[in-house]
Amino acid sequence: MGSALAQKFAQEGLEVVLVDQEQRFLDRGLSNIQATLQEGIERRLFTEAQVQEILRRIHCTTDKTHLASCDLVIEAIFEDFGAKTGLFRELSGILSRETLVATNTSSFSVTELAEAYAHPENFLGLHYFYHAAKNRLVEIIPGEKTAPETLQAARRFAELTGKDPILCRDRYGFAVNRFFVPWLNEAVRLLEEGVADTATIDAVCMKTFGIGMGPFALMNATGVPVAYHAQKTLEAFGDFYRVAALLEKQAQSGQPWEIGAVAEDTLDEATAGAIRERMLGTVFLVCSQILEEQVCTAAELNRGARIGLRWRKGPVEMMQALGEGEVARLIRRITDRYGVNFPGSVGESFWHMEFVELHRNPPLATILINRPEDLNALNPTVMHQLKQRFEEAAADSAIETIILTGAGKAFVAGADIKFFLDHMKRGTLEEIQAFTEFGQTVFKKIDACPKRVVALVNGLALGGGLELALCADVILAVPEARMAFPETGLGIYPGLGGTYRTRQRIGRGLTKFMIYTGKMLSAEEAREIGLIDGLVERAALFDLRTGTAPLPDLPPRPERSPRWQALESFFDRHTVDQLIGGECRPGDLSEAEMEKLIQTVQRKAPIALNIAERLIEEGTGPEAELEHLRTIFATEDALLGLSSMGKSVTFQGK
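Count along the sequence shown starting at 1, add 550, and that's the number in our numbering.
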């Protein structure tokens, strides 16, 4: 874990001191880092030069006194309470009073560990997940004596290092391990009872929870003793959490689980059903206890499973889908079996998830779309919450400026494709119409707000996300941000004002260029054409959002380069039919560039292109986009495009 964290922090541009007891452990850790980075080169995530720069930032030593120069020290040693507290006592004599200290414990109490450190106000938990260089989740756990400034610094650090944080109360296991480890333990109990073998239990769990590895394969990957020790800590919660005898035996043997192969068509449905009910009941019981104890919010609990464990659906989503009656039945089977009290937090009111947050720091208010597990995609729930939060901010007389931004690596990556597909397949296109009409009313409120509205684009802004940003008075973006209208490549067109507000910002020709080609613009390219107003460094995002740093002065809009002028003129002069037919003159473009653009447009959905052209040309307002929604979503091209995200398709114009 320590080497993976060092790699991640170095990747984000930080200088890292990696400390271990012996040089051989450091060598092994560095070798693991190099191997992972080499994989990144092979996948074209890094260049050789970037890898060398990352490695240069990692400073390995066996001398703990080198930590004295660090602003933050993260302990990531093995899960032994005595070893951890001994280390913190030693660090108390090395680190300055200002240094922040975090424990990566997965199960121990942060408050209890902090007692061993001289400055508990500077101490908290930062629990990362395997593989820490790739997995974006981190649990932030303040102890009883953690200072507010320490918690704020941890939040800033998580954002700076590309992590998606969830805030947890200091309870053994925190949020994710509190339900995940009992899930592993229950799988061992099923094996112990002879219900099924390891392969069968894994297969049923993979299908039920939408995961790539079952509980036994996961224990083999992370180490069976890790699961044992984590469950042992949870025994403080009662008999239900008692370690399965077979898990203890397997951990002591030092051997992984033996897992054979199982053919899905040979699974006995009665056995599969018994496994499914036990495993779901276990998760639902523990998650209900977590919500009852207010360890974290329902949205954070769900996010922990989606991001940290890579479950296709989180436990809260699964409970919502099954309904209160079925969830209660599954939990009751577990509580009756183990003599556990039925939790008092089962029901829709406990499963409500807030995805849009309003943070007031007068005269600034920040609206944060916090759904990073789905790249902050817009669906009816998010849109309704956005409306509520924006109206609250707009009605507050103490607020002068409203910031719109996103959590994670996206600002808003468009509308939720699954929502569209579900209703297209059901034939309920009126739901898509209603969602889009409602979305337009929300965006119109934002556009017309007399207060200053600033879009702080922290990452991907695609389709509906870019349309949301265009409602703001000012658009600022980090250099890594990317923006595009991919709709015509999906068989549809922008329906939340993209054909109108884009033209108002950058003119008709470049609006056609963006919508016809779906080209992904860098933040710098967006600035060059006037789509955004300026750039801000990622390191400044947190302070801008929280009002601890002022918004920057806007630079004058740059003159468009000859290249952009040539593109603008080319698309202004040619109709969609001419582009599709290849009947174009290059103007100031090269023949090669013109041919490339034509080929790009020819790959888009022709019906969507023609509707987009009409809307851009007429320029009568966003409401005009609503007139063609049912037409476009009823096409075969739309169903093909939306069903084939990331794949190459051939549109038929039907």
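Positions of the beta carbon are idealized from the N, C-alpha and C atoms, including for glycine.
The model shown is predicted, which means the values in this text are computed figures rather than measured ones.
- For Y1043, the three-state secondary structure derived from DSSP is coil.
- Note that the C-beta distance between T955 and T991 is not below 9 Å.
- G762 carries a coil assignment under DSSP once its states are collapsed to helix, strand and coil.
- Within a 10 Å sphere around the beta-carbon of K634 sit 16 or more other beta-carbons, which makes this residue buried.
- In the three-state reduction of the DSSP assignment, E1087 falls in the coil class.
- Counting only the Cα atoms, V726 lies some 22 Å from Y888.
- In the pairwise beta carbon analysis, the stretch 932 to 941 is classified as touching the stretch 892 to 907: at least three pairs are separated by under 8 Å.
- For a cut-off of 8 Å, the C-beta gap from A794 to A683 is around 32 Å, too long to register as a contact.
- G675 has T653, I691 as its beta-bridge partners, per DSSP.
- T951 is bridged by DSSP to L914, R1002.
- The beta carbon of P670 lies closer than 7 Å to those of A664, G693, K695 in the same chain, with the five residues before and after it left out.
- Taking C-beta atoms under 8 Å as the contact rule, Y680 and T772 qualify, at a distance of about 6 Å.
- The DSSP assignment places complete alpha helix (DSSP H) segments of no fewer than 4 residues inside the stretch 808 to 863 at 819 to 842, 848 to 853, in order along the chain.
- Excluding the 5 residues flanking it on each side, I690 has same chain C-beta neighbours closer than 6 Å at A704, P715, L717, in chain order.
- One alpha carbon belongs to Y791, the other to I857, and they sit about 24 Å apart.
- In this structure, the CA atom of Q600 is about 11 Å from the CA atom of E562.
- S1072 is bridged by DSSP to R1032.
- Here T655 is buried, its C-beta having at least 16 other C-beta atoms within 10 Å.
- The distance from the Cβ of W901 to that of M869 is about 6 Å, consistent with a contact at the 8 Å cut-off.
- Beta-bridge partners assigned by DSSP to T611: V569.
- Judged by DSSP in its simplified three-state form, A780 adopts helix.
- Contact check for V962 and I919: beta-carbon distance about 6 Å, within the 8 Å limit, so the pair qualifies.
- In this structure A1155 is in contact with T1038, their Cβ atoms being roughly 6 Å apart against a cut-off of 8 Å.
- When the beta-carbon positions are compared, K1001 and A944 come within less than 9 Å of each other.
- When C-beta atoms of the stretch 1177 to 1188 are compared with those of the stretch 1035 to 1049, three or more pairs fall below 8 Å, so the two segments count as touching.
- Straight-line measurement puts the Cα of E743 at about 28 Å from the Cα of G875.
- Apart from the 5 residues on each side of it in sequence, E709 sits with its Cβ closer than 7 Å to the Cβ of L1091, F1092 in its chain, given in chain order.
- Close CB contacts of E1143 within its chain, under the 8 Å cut and outside five residues either way in sequence, are with P1136 (chain order).
- In its chain, beyond the 5 residues on either side, V774 have a beta carbon closer than 8 Å to the beta carbon of Q805.
- At least 9 Å separates the beta-carbon of R883 from that of F759.
- Secondary structure note for P715: it is in no alpha helix (DSSP H), and the uninterrupted beta strand (DSSP E) holding it is 714 to 717.
- By the Cβ criterion, the stretch 1146 to 1162 is in contact with the stretch 1175 to 1185, since at least three pairs of Cβ atoms, one from each stretch, lie closer than 8 Å.
- E742 sits in a helix when the DSSP states are folded into three classes.
- Taken through DSSP and simplified to helix, strand or coil, G632 comes out as helix.
- Comparing alpha carbon positions, the residue from K757, E785, E1075 closest to V731 is E785.
- Assignment of beta-bridge partners to H909 by DSSP yields T916.
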